[in-house]
Each structure stands twice: as structure tokens, then as C-alpha cells.
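According to the numbering used here, numbering within the sequence shown proceeds without interruption in unit steps and concludes at 131. The beta-carbon is built from N, C-alpha and C at its ideal position, and this holds for glycine as well. These figures come from a predicted structure and were not determined experimentally. Please read the structure below before turning to the comments.
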Amino acid sequence: MPATKHHLGLLQTTVERRLSRIVRDPRRADAEFAESYLEIARLLLAYGKTDLARRRLKHVADRFGNTPAACESRNLLTTMEVASHDGQAPEADGAVESGRGE
Numbered sequence: 030m031p032a033t034k035h036h037l038g039l040l041q042t043t044v045e046r047r048l049s050r051i052v053r054d055p056r057r058a059d060a061e062f063a064e065s066y067l068e069i070a071r072l073l074l075a076y077g078k079t080d081l082a083r084r085r086l087k088h089v090a091d092r093f094g095n096t097p098a099a100c101e102s103r104n105l106l107t108t109m110e111v112a113s114h115d116g117q118a119p120e121a122d123g124a125v126e127s128g129r130g131e
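Written as C-alpha cells, this is what we have:
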């Protein structure tokens, strides 16, 4: 049985649906990856691994500069810098517990 226009239309719709699940918006994928990377940095801070956390935060800020996670990474880096000048641990202001560096 030859393929009709109806069959071809159904096939095209099915393929488009499957592709839409595979091909995602790269900006959204970047934002999700940056958020995961930020969460790891928060955990590192909570465990006292400040040098490693600082490197991860810088990576997020540099590579994903326009994402909310990058903004928060910059805030945490600033908080860490201020805390290191004050002689306090970075988590002393609640930045790690709340997830915000504000």
C-alpha cells in the first residue's frame, strides 16, 4: 500500500513530536546545568571546602554569565570575599543555608 498524504502527515507529526523531546533550548539546558553546578558549590561550602567551592562558583559565573545561577554565584563569591576579609567563615551570614548570598 503506497503512503498517502495522510500517512505522511502522521509520520511527520510523530517525528516532530519525538524531536521536540530530544532537542531542547540550549539556554534552558545551560541554566539547568549551571544550577546543578551551583548546588554542588553550596554543598562544598557547607562541608568547608571553600577553595573548591570558589573555583566552581567562578566557573558558573564565567561560563553561564546570563543565568540566575551565575548571578547567585557572583553574589556568593562576593560574600566569600567579604567574609574572608572579616575573618568569618563564608557560611557565617547564612549564605549557604538559605541558598542566597544576599
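**OP:** Pull up the distance between the alpha-carbon of Thr107 and that of Leu86, whole angstroms please.
**Re:** 11 Å
Original post:
Is it right to say Ser113 is buried, meaning 16 or more other beta carbons lie within 10 angstroms of its own, or is it exposed?
Top reply: exposed
Original post:
Can you check whether the CB of Asp54 is closer than 8 Å to the CB of Phe93?
Top reply: no
Subject >> Backbone secondary structure at Lys87 - three-state DSSP >> reply: helix
**OP:** Output yes or no for whether 8 Å exceeds the beta carbon distance between Leu74 and Ala82.
**Re:** yes
**OP:** Can you tell me which of Glu110, Asn95, Thr96 and Pro97 puts its alpha carbon nearest to the alpha carbon of Arg84?
**Re:** Glu110
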